[in-house]
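So the structure is just underneath, and the comments pick up after that.
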Amino acid sequence: MTLGVMGKKVGMTQVFDENGLAVPVTVVKLGENIVTDVKTKDKNGYEAVQVGGFAVAEKKLNKPELGNFKKRELSPLKPLKEYRIENSGAYTVGEALKVAEMLTVGMRVDVRGKSIGKGFQGTIKRYNAGRGPMSHGSKFHRSMGSIGAGTTPGRVVRGLHMPGHMGDENVCARHIKVVRVDVEKGLLLVKGSIPGVDGGLVVVTPSKSKWN
Amino acid sequence: MNSIIKEIEAPLLKSNLPAFDVGDTVKVFVKIVEGGKERTQGYEGVIIKHSGHGVGETITVRRVFQGIGIERVFLVHSPRVEKITVQRRGQVRRAKLYYLRQRTGKATRIKEKVGVRKDAAQTKAAAAAKTEAKS
Numbered sequence: 032m033t034l035g036v037m038g039k040k041v042g043m044t045q046v047f048d049e050n051g052l053a054v055p056v057t058v059v060k061l062g063e064n065i066v067t068d069v070k071t072k073d074k075n076g077y078e079a080v081q082v083g084g085f086a087v088a089e090k091k092l093n094k095p096e097l098g099n100f101k102k103r104e105l106s107p108l109k110p111l112k113e114y115r116i117e118n119s120g121a122y123t124v125g126e127a128l129k130v131a132e133m134l135t136v137g138m139r140v141d142v143r144g145k146s147i148g149k150g151f152q153g154t155i156k157r158y159n160a161g162r163g164p165m166s167h168g169s170k171f172h173r174s175m176g177s178i179g180a181g182t183t184p185g186r187v188v189r190g191l192h193m194p195g196h197m198g199d200e201n202v203c204a205r206h207i208k209v210v211r212v213d214v215e216k217g218l219l220l221v222k223g224s225i226p227g228v229d230g231g232l233v234v235v236t237p238s239k240s241k242w243n
Numbered sequence: 603m604n605s606i607i608k609e610i611e612a613p614l615l616k617s618n619l620p621a622f623d624v625g626d627t628v629k630v631f632v633k634i635v636e637g638g639k640e641r642t643q644g645y646e647g648v649i650i651k652h653s654g655h656g657v658g659e660t661i662t663v664r665r666v667f668q669g670i671g672i673e674r675v676f677l678v679h680s681p682r683v684e685k686i687t688v689q690r691r692g693q694v695r696r697a698k699l700y701y702l703r704q705r706t707g708k709a710t711r712i713k714e715k716v717g718v719r720k721d722a723a724q725t726k727a728a729a730a731a732k733t734e735a736k737s
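Chains as they are written, first to last, in the numbering used here: chain V, 32 to 243; chain Z, 603 to 737.
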């Protein structure tokens with residue numbers, strides 16, 4: 032996974048492009064994104080960079096968590112996220128990630144977040160299954176149909192689409208275009224929608240070089 | 603609305619819009635590209651729908667042209683919409699004038715609103731400034 036920046040989804044609006052056409056955008060408020068730890072091959076067995084997302088009050092962390100920040104003389108940050116990268120030696124503890132270098136206008140990014148929870152849902156909403164007629168004497172409305180044959184195979188095949196909990200899972204929206212980057216205000220505008228509720232945590236990473 | 607979104611939208615909003623409402627006859631001047639050249643075209647009709655707020659505010663303008671009803675939706679704050687002028691103010695009792703679609707000829711007439719202050723646009727702007735000052 033390449034290095035990404037953490038942010039909070041603010042909401043959607045629209046802006047106008049140079050032709051005067053409206054572009055739907057999602058606003059992301061970027062966090063502080065400060066390097067809190069650098070893991071090296073010699074010391075930890077793998078190379079990675081640990082980044083703290085947002086500055087929080089001290090009381091939001093417990094003592095062991097706070098101890099880590101005290102040791103490194105950093106202000107408290109939450110949440111912590113590790114990115115496995117190859118040249119972790121290039122980063123030092125306490126430096127902020129250079130958003131202006133990582134994200135540029137027009138590039139493609141992947142946005143990861145937790146999708147909105149939908150609760151317990153049937154197969155129609157959850158898996159786009161079909162339904163029966165609602166009237167004309169039909170008694171088959173929205174329920175599931177058959178879940179398999181009889182004696183052969185004598186069991187229900189694994190992974191069959193059934194009702195259950197929907198949403199509230201990690202989702203990645205890929206190859207989303209960056210419309211605007213405002214480093215001063217810490218704002219990022221991407222085209223279209225991204226996963227999660229307003230105020231939810233999202234991680235923005237540049238897409239594979241094929242797309243950039 | 604979220605304050606951050608408001609801040610992003612603020613420079614995109616037009617401040618010189620006249621006060622218009624559903625039932626008004628308006629003329630919308632739209633920029634169109636024709637043969638590589640840009641020119642402005644007027645489109646006159648009755649507002650039958652006014653929806654949205656902020657940058658997403660739209661009006662649906664209906665006119666009957668050569669016996670065929672045309673409804674165009676305009677993004678009020680779009681840079682493509684150069685100007686909107688109110689030709690006539692209408693007195694209506696609905697927020698959405700969908701009933702005009704079923705009517706033709708004289709039945710589509712809308713009563714003119716009387717006693718409308720001419721400086722309605724200015725009062726609207728003043729009211730907006732007042733609420734801004736409050737917040």
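Don't be surprised by glycine CBs; every beta carbon is placed ideally from N, CA and C. Remember, it's a predicted structure, so these values are computed and weren't measured experimentally.
Subject >> Any non-hydrogen atom of the ligand GTP within 7 Å of V:Pro110 CB >> reply: As presented, the structure is devoid of all ligands, the ligand GTP included, so that no description of it is given.
Subject >> Coarse secondary structure for Z:Pro620, derived from DSSP in three states >> reply: coil
**OP:** Taking Z:Lys715 as the reference, give the member of Z:Glu659, Z:Pro613, Z:Gly692 with the closest Cα.
**Re:** Z:Gly692
**OP:** Using a Cβ cut-off of 8 Å (strictly closer), state whether Z:Ser653 contacts chain V.
**Re:** no
Subject >> Contact list for V:Leu218 against chain Z, beta-carbon separation under 8 Å >> reply: Ile606, Ile610
Original post:
Near V:Leu105, what residues of its chain come up, given a Cβ to Cβ distance below 8 Å and the 5 sequence neighbours on each side ignored?
Top reply: Ile65, Thr67, Gly83, Val124, Gly125
Original post:
Taking any Cβ of chain Z, which residues in the region 36-56 of chain V have a Cβ under 9 Å from it, in chain order?
Top reply: Val41, Gly42, Met43, Thr44, Gln45, Val46, Phe47, Asn50, Gly51, Leu52, Ala53, Val56
Original post:
Going along the chain, which residues of its own chain have a beta-carbon closer than 6 Å to the beta-carbon of V:Arg205, five neighbours each way excluded?
Top reply: Asp141
**OP:** Measure how close the beta-carbons of Z:Glu659 and Z:Gln689 come, nearest whole angstrom, since I'm counting them as under 8 Å.
**Re:** No, Z:Glu659 and Z:Gln689 are not in contact; Cβ-Cβ is about 20 Å, not under 8 Å.
**OP:** Going by CA-CA distance only, name the one from V:Lys216, V:Ile178, V:Thr182 that's closest to V:Val188.
**Re:** V:Ile178
Original post:
Z:Tyr700: buried (16+ other C-beta within 10 angstroms of its C-beta) or exposed?
Top reply: exposed
**OP:** May I ask you to list the residues that DSSP assigns as paired with Z:Gln643?
**Re:** Z:Val632
Subject >> Straight-line gap, Z:Val678 to V:Glu132 (C-alpha atoms, nearest Å) >> reply: 36 Å
Original post:
Taking a cut of 8 Å between CB atoms, which residues from the region 54-75 of chain V lie near chain Z?
Top reply: Val58, Lys60
**OP:** List the DSSP bridge partners of V:Asn201.
**Re:** V:Lys145
**OP:** Quick one: grab the DSSP three-state call for V:Pro226.
**Re:** coil
**OP:** Evaluate Z:Arg711 with the Cβ neighbour count: other Cβ atoms within 10 Å of its Cβ, from every protein chain shown; 16 or more gives buried, anything less gives exposed.
**Re:** exposed
Original post:
Cα-Cα, which of V:Lys94, V:Glu117, V:Gly190, V:Ile225 is closest to V:Tyr77?
Top reply: V:Glu117
Original post:
Is there a Cβ from chain V that is less than 8 Å from the Cβ of Z:Leu614?
Top reply: yes
**OP:** Identify the contact partners of Z:Arg682 in chain C, using a Cβ-Cβ distance below 7 Å as the criterion.
**Re:** The structure shown contains no chain C; the protein chains it does contain are V and Z.
Original post:
Exposed or buried, which one is V:Lys102 when buried takes at least 16 other CB atoms within 10 Å?
Top reply: exposed
**OP:** Assign V:Met165 to one of two classes, buried (16 or more other C-beta atoms within 10 Å of its C-beta) or exposed (fewer than that).
**Re:** exposed
Subject >> Whole-number beta carbon distance between V:Phe47 and Z:Leu614, since they are thought to touch under 8 Å >> reply: 6 Å
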